[in-house]
Amino acid sequence: APMNNATGTILLVIVALIGVIFQFSLHRVDEGHIAVYYRGGALLQSTSAPGFHFMLPFITNYVSIQVTTQTDEVKDIPCGTSGGVMIYFDRIEVVNRLSIDSVLDVVRNFTPDYDKPLIFDKVHHEVNQFCSTQNLHSVYIDLLLG
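Take the position in the sequence shown, starting the count at 1, then add 49; the result is the number in our numbering.
What follows is the structure, encoded as structure tokens:
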């Protein structure tokens, strides 16, 4: 018996629905990255290596975390000397690499934007700590030009 219009429409809707679910289930993790997964806002224990992977659509989301060497550039770092003079470092570059074995712990403790508290904030803090004990001459002349 030939398919009537209602059956054809239902079949088309089912095929379209399967296509949408498939589209939101499949994701790609690039080389040099590891995927971490969240379900309902909770970090899951599973990670994925580079390649194509499936996840539960609309329930699970992922974030790609770089695990190769990267350079973070911290800009305009204030340096208040012990004499009260304020100078600024244009930039400080920090070369770093997150170990694959540490990804889940670092993301759990510091979020996927871990480089803000662990690198950017830390550089500002350390420069401030250092500068506050030095005078202008020792910072600018001895260290930067010497």
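We put the beta carbon where it would ideally sit given N, CA and C, even for glycine.
Asked: Give a yes or no on contact between the region 111-118 and the region 138-147, applying the rule of three or more CB pairs nearer than 8 Å.; Found: yes
Asked: Roughly how many whole angstroms lie between the Cα atoms of I63 and I126?; Found: 57 Å
Asked: Which ranges would you report for the beta strand (DSSP E) in the region 69-138 if only whole runs of at least 3 residues count?; Found: 75-78, 82-88, 91-97, 100-103, 109-115, 119-129
Asked: So, do the region 122-140 and the region 97-114 have three or more beta carbon pairs nearer to each other than 8 Å?; Found: no
Asked: List the endpoints of the continuous alpha helix (DSSP H) containing H174.; Found: 170-180
Asked: Quick one: what's got a C-beta closer than 7 Å to P183's C-beta in the same chain, skipping five residues either side?; Found: With the sequence shown as reference, residue 183 is identified as Gln, and Pro is not the correct amino acid for it. Excluding positions up to five away in sequence, the list reads T130, S131.
Asked: Considering only C-alpha positions, which residue in the set Q94, Y137, K165 is nearest to V176?; Found: Y137
Asked: Quick one: using the 10 Å Cβ neighbour count with 16 as the cut-off for buried, is S97 buried or exposed?; Found: buried
Asked: Looking at the secondary structure, which residues open and close the alpha helix (DSSP H) in which N158 lies?; Found: 152-159
Asked: Give every residue of the same chain whose Cβ lies closer than 7 Å to the Cβ of M104, excluding the five residues on either side of it in the sequence, and list them in chain order.; Found: S74, H76, Y86, Y111
Asked: Determine the closest residue to F169 out of R157, L153, R140, with distance taken between C-alpha atoms.; Found: R140
Asked: On the DSSP bridge assignment, give the partners of N145 in chain order.; Found: Q119
Asked: On a CA-only basis, which of S95, R88, T56 is nearest S151? Give me that one, please.; Found: S95
Asked: Are the CB atoms of P99 and E80 nearer to each other than 8 Å?; Found: yes
Asked: Just to confirm my understanding: we take R88, look at its own chain, exclude 5 residues before and 5 after, and list those with CB closer than 7 Å. What are they?; Found: I108, T109
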